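What follows is one structure encoded as structure tokens, with my remarks underneath.
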Amino acid sequence: MLVAVGTKNPAKLEGVRRVFTDFFPDVRFESLDTSSVTNAQPMGMDQIIEGAIKRARFAISKTRAWFGVGVEAGIFPLNRRLGHMDHQEAVIMNRRGRFSLGSSAGFMLPSRWMRRMIREGNELEHYAVEMTGVSGVGDKEGLVYHLTKGRISRTDLTEQCVRTALVPWLHANLYGF
């Protein structure tokens, strides 16, 4: 089975690989650059989910894959007191355009970063590099790795959201797929 993944990000690719190889022993992967169809910094659940859908749709449209997978990380507001949270959504889409959605665990972002981000117009990656000193941290272990002192990586979060997005496909009759 061929799975097309709408990203070139190594951490996301590894998370997708872990999930699909766990369930499907003969799976192959093709990764595609989707920068032309996604926003730089998704803000809000609508943009996060829409980004994952666009990635999955683009990936499957450009290949002969059985599934297209899109993973989008983004920021959404909680409330005035709690601030903002970062998490990932995954979409798994088949050739007919039917898709499922799954979420990762999320983590709160420092309020001072969010204030600066809104004021300065930078992406979260800018502040993550500033904090960690790791260039391209989002393509590596991710900000979450540093905030959890090495206990959770971006690959782990990708694995979570892809694994939960796969649930309806594992029980197609139950979900009417």
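Position in the sequence shown (first residue = 1) + 29 = the numbering used here.
Glycine included, C-beta positions come from ideal geometry on N, C-alpha and C.
For clarity, every value in this text was computed on a predicted model and none was experimentally measured.
| Query | Result |
| --- | --- |
| Beta-carbon separation of K41 and T177 under 8 angstroms? | no |
| Leaving aside the five residues before and after M160 along the sequence, list all residues of the same chain whose C-beta is less than 7 angstroms from its C-beta, in chain order. | H175 |
| According to the Cβ coordinates, are L107 and H116 closer than 8 angstroms? | no |
| To the nearest angstrom, report how far apart F53 and R47 are at their CA atoms. | 10 angstroms |
| Check M30 in the structure and name its three-state DSSP category. | coil |
| Find the nearest neighbour of S60 within the set R127, P197 and R86, judged by alpha-carbon distance. | R86 |
| Identify whether L42 lies in helix, strand or coil by the three-state DSSP scheme. | helix |
| Please return the same chain residues whose Cβ sits closer than 7 angstroms to the Cβ of T50, not counting the five positions on each side in sequence. | V56 |
| According to DSSP, which residues form a beta bridge with L61? | The partner list for L61 (beta bridge, DSSP) is empty, contrary to what the question assumes. |
| Alpha carbon to alpha carbon, how far is S182 from Y204? | 30 angstroms |
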